[in-house]
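Just below is one structure, and these are the notes that go with it.
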Amino acid sequence: MNIDAKLEALLFASAKPCTVKRLAEITGADADDVKKGLDALAVRLEESGSGLMLVRHGHEAELVTRPDVAEMVGALLKAEAYGELTRPSLEALTILAYRGPLTRPELEQVRGVQSSLILRNLLLRGLIEEHEETRLGQSTYGVTVDFLRALGVSSVSELPDYEDLRGNATVADVLSQLDEAQQP
Amino acid sequence: MAVTFRIEKFEGPLDLLLQLVEQEKLAISEISLATVAEQFVNHVQGNKEIAPEELADFLVVAAKLMYIKSKMLIPALHDDELEECPDLETQLREYQRFVAASREINALWAGSRRSYSRDARATRTIHAGFVPPQGVTADTLLHIMRRVISRLEPILQLPKVSIERAVTIQEKIKDLYERIKGHARTSFRAFVKGSENRTEVIVSFLALLELVKQRFVNVEQGEIWSDIHIHRHKDAPEFDPAHNFQV
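Top line first, the protein sequences correspond to chains A and B. In this text, residue positions in the first sequence follow the numbering used here: the first is 1, and each later residue adds one. In this text, residue positions in the second sequence follow the numbering used here: the first is 1001, and each later residue adds one.
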């Protein structure tokens, strides 16, 4: 069986996001092959017109239903509507989605205001998560796969103007100025 | 310049600043920032809706605005510390882009397109009380506690610098007024006894001059460098002199 078929089975059975590392351990393939397998699976689902799609986020992948059938699936599961996001929450999520993972000071640098409560709130709602890696002794935060599912996108790169806002020189500039200011 | 319109509600200093610039229909530049600097300060002053923990962030932006404005008036002005900070113009322009992007994200969030995974975990709503995230064990807590402690260490090692408490001239005026009201006479030495530094003595002297000017007290000095005797003026007004004093 091809690796993409194995991965498809594992992701179906898992019912939650799996890391590339975990998938590599189980399939016995190396991480690069797992990534290629995931690419192949995503293309196959897309091209065969499947009702499922693959969400990719950082080192994680999850098998989910296509947003086009959201209404039907929602009716089946009796899913509730998401509550509204407050302006500060929305701002923080947007910045983390495009530029994440970021440390709290980096996020605050872009928003211009302290954001610890917002972060805590978003963590509790499962919309963002704390990452393992730290920068300058600070934890980093990024949006979760749950958040991407809520938007119905298969990866952050599908967000509007992603390349532009992600790679934006001025953001990098603002953040690097902050880094310099924090260096001992 | 008077504030000519009311800003309804703002989230953070950059939001307020952006609204001010946009209401003036200006592009973001040093010139437009200098234009709205005063309005920004007026909004922050006495605004009870600003949470105390956010006030510092507002003051940072206010300070940067005042610096930009001062630089336009005095081109030679240069402050190393303020120049080091990320510049406000870039920061605001960037913020503006993310505000625009956040509207698109909101449309996606509120729209009908979404994906479901097999266990259909809806993003969690917040319940009051202690709700640990799924999969939290005693080990997780230990791990987190260790990290918290290791994060505190650099804070403990920070060099200790504290801001000296400034004594305002109003406080000194009030102080001297209270003394004179109670005792009718005192001396300058008695008044400055217990002063913590030179500045406080100078401020005390300025307060004394103000009270002389407002005819609350008369002063007498026998010879140069000798103590100054302070008496209550026979027609001393009844109201609080600190009220009459504007910096």
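Ideal Cβ placement from N, Cα and C applies to all residues, glycine included.
Along the chain, where does the alpha helix (DSSP H) containing R87 of chain A start, and where does it finish? 87-99
Assess, as a yes-or-no matter, whether the stretch 1013-1032 of chain B is touched by the stretch 1086-1098 of chain B under the definition of 3 or more beta carbon pairs within less than 8 angstroms. yes
Alpha carbon of A1002 of chain B to alpha carbon of Q1039 of chain B, nearest angstrom: Note that A1002 of chain B scores 41 on pLDDT, short of 50, meaning its location in the model is unreliable; the coordinates nonetheless yield the value given after this. Each residue's Cα considered, the two are about 7 angstroms apart.
Of the residues A:L148, A:R104, A:A9, A:D146, which one's Cα is nearest the Cα of L136 of chain A? A:R104
Coarse secondary structure for E60 of chain A, derived from DSSP in three states: strand
Quick check: the Cα distance between D1015 of chain B and P1086 of chain B, rounded to an integer number of angstroms? 17 angstroms
Under DSSP, the beta strand (DSSP E) around R135 of chain A begins and ends at which residues? 128-135
Own chain, CB closer than 7 angstroms to T1004 of chain B, minus 5 neighbours either side, in chain order: Note that T1004 of chain B scores 45 on pLDDT, short of 50, meaning its location in the model is unreliable; the coordinates nonetheless yield the value given after this. Answer for T1004 of chain B: no residue qualifies.
For S139 of chain A, which of helix, strand or coil comes out of DSSP? strand
Quick one: what's got a C-beta closer than 6 angstroms to V1247 of chain B's C-beta in the same chain, skipping five residues either side? Because V1247 of chain B carries a pLDDT of 47, less than 50, the predicted location of this residue cannot be relied on, and the following value inherits that uncertainty. None.
With three or more C-beta pairs closer than 8 angstroms as the rule, is the stretch 1229-1238 of chain B touching the stretch 1184-1195 of chain B? yes
Per-residue DSSP class, three states only, for E1223 of chain B: coil
Going by DSSP, what residues sit across from I1068 of chain B in a beta bridge? In the DSSP output, where bridge partners are listed per residue, I1068 of chain B has none listed.
In the DSSP assignment, find the beta strand (DSSP E) that holds S1187 of chain B and state where it starts and stops. 1185-1187
Between Q1214 of chain B and chain A, is the shortest Cβ-Cβ distance under 8 angstroms, so that the two count as touching? no
Does E1083 of chain B pass the burial test, meaning 16 or more other C-beta atoms within 10 Å, or should it be called exposed? exposed
Comparing alpha-carbon positions, which option in A:S48, A:V145, A:S115, A:K36 lies nearest I128 of chain A? A:V145
In chain order, what residues of the same chain lie with their CB nearer than 7 angstroms to the CB of S14 of chain A, ignoring the 5 residues before and after it? none
For a contact meaning CB atoms closer than 8 angstroms, what does L165 of chain A contact in chain B? R1097, F1098, A1101
Would you mind sorting D4 of chain A into buried or exposed? The rule is 16 or more other CB atoms within 10 Å of its CB. buried
Going by beta carbon distance, what residues of the same chain come within less than 8 angstroms of A1236 of chain B, once the five residues before and after it are set aside? I1180, R1215, F1216, V1217
8 angstroms Cβ cutoff met for S1117 of chain B and E62 of chain A: yes
At a threshold of 7 angstroms, does A75 of chain A count as lining the ligand MG (C-beta to nearest heavy atom)? In the structure shown, the ligand MG is absent, as is every other ligand, since no ligand is present at all.
DSSP three-state call for I1228 of chain B: helix, strand or coil? strand
Compute the Euclidean distance between the alpha carbons of G37 of chain A and Q1019 of chain B, then round it to the nearest angstrom. 48 angstroms
Determine the DSSP secondary structure at L1158 of chain B, reduced to helix, strand or coil. coil
Is the CB-CB distance between P160 of chain A and E1104 of chain B below 8 angstroms? yes
Could you have a look at L23 of chain A and say whether DSSP puts it in helix, strand or coil? helix
Beta-carbon neighbours of N1106 of chain B, restricted to chain A and to distances below 7 angstroms: L85, L90
Would you please verify whether the beta carbon of Q1039 of chain B is less than 8 angstroms from any beta carbon of chain A? no
Using the beta-carbon of each residue, which ones in chain B are nearer than 7 angstroms to T94 of chain A? F1098, A1101, S1102, I1105
Going straight from the alpha carbon of A1034 of chain B to that of Q1023 of chain B, what length do you get? 14 angstroms
Quick one, are the C-beta atoms of Y95 of chain A and V113 of chain A less than 8 angstroms apart? The amino acid occupying residue 95 of chain A in the given sequence is Ile; Tyr does not appear at that position. It is not a contact, given that the beta carbons lie outside the stated cut-off.
Beta-carbon proximity list for A65 of chain A, same chain, < 7 angstroms, skipping 5 on both sides: First, the residue type needs correcting, since residue 65 of chain A is Thr and not Ala in the sequence shown. So the list reads G51, L52, V73, once near-sequence residues are dropped.
Let me know if D1227 of chain B comes out buried or exposed under the rule of 16 or more other beta-carbons within 10 Å of its beta-carbon. exposed
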